[in-house]
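Set out below in structure tokens:
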């Protein structure tokens, strides 16, 4: 499980134990939306400044940055 926060972090949690397993700290603004890709390999996080960051869930590293349009409040993944 992943959560975004006003402290500019994206936190990964063990859903069974409720323990925090990793904190991703590359954000510049608070994180207001988080979404997993259908295959679970990527997390999209959206900052208050309309920046979308894509994260590799296995390496727990940032992999892509994109400025989103202001008209949409979340990031949507599509599957096959």
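Numbering (the numbering used here), first residue to last: 1 to 80.
C-beta atoms are modelled at their ideal positions from N, C-alpha and C, and glycine is treated no differently.
Local conformation of residue i per DSSP, three classes
| i | result |
| --- | --- |
| residue 15 | coil |
| residue 42 | strand |
| residue 29 | coil |
| residue 79 | Unreliable placement is indicated for residue 79, whose pLDDT of 49 sits below 50; the coordinate value is still reported in the next sentence. In this structure, residue 79 counts as coil in the three-state DSSP scheme. |
| residue 20 | strand |
| residue 57 | coil |
Selected residue, minimal CA-CA separation from residue i, among the options
| i | options | result |
| --- | --- | --- |
| residue 19 | 4, 11 and 40 | 11 |
| residue 9 | 47, 57, 58 and 56 | 47 |
| residue 52 | 36, 40 and 59 | 36 |
Beta-carbon spacing of residue i, residue j below 7 Å
| i | j | result |
| --- | --- | --- |
| residue 2 | residue 43 | yes |
Close-in-space but distant-in-sequence residues of the same chain around residue i (CB under 8 Å, 5 per side omitted)
| i | result |
| --- | --- |
| residue 29 | 8, 47, 48, 49 and 51 |
Spatial neighbours of residue i in its chain, beta-carbon cut-off 6 Å, leaving aside the 5 residues before and after
| i | result |
| --- | --- |
| residue 27 | 8 and 47 |
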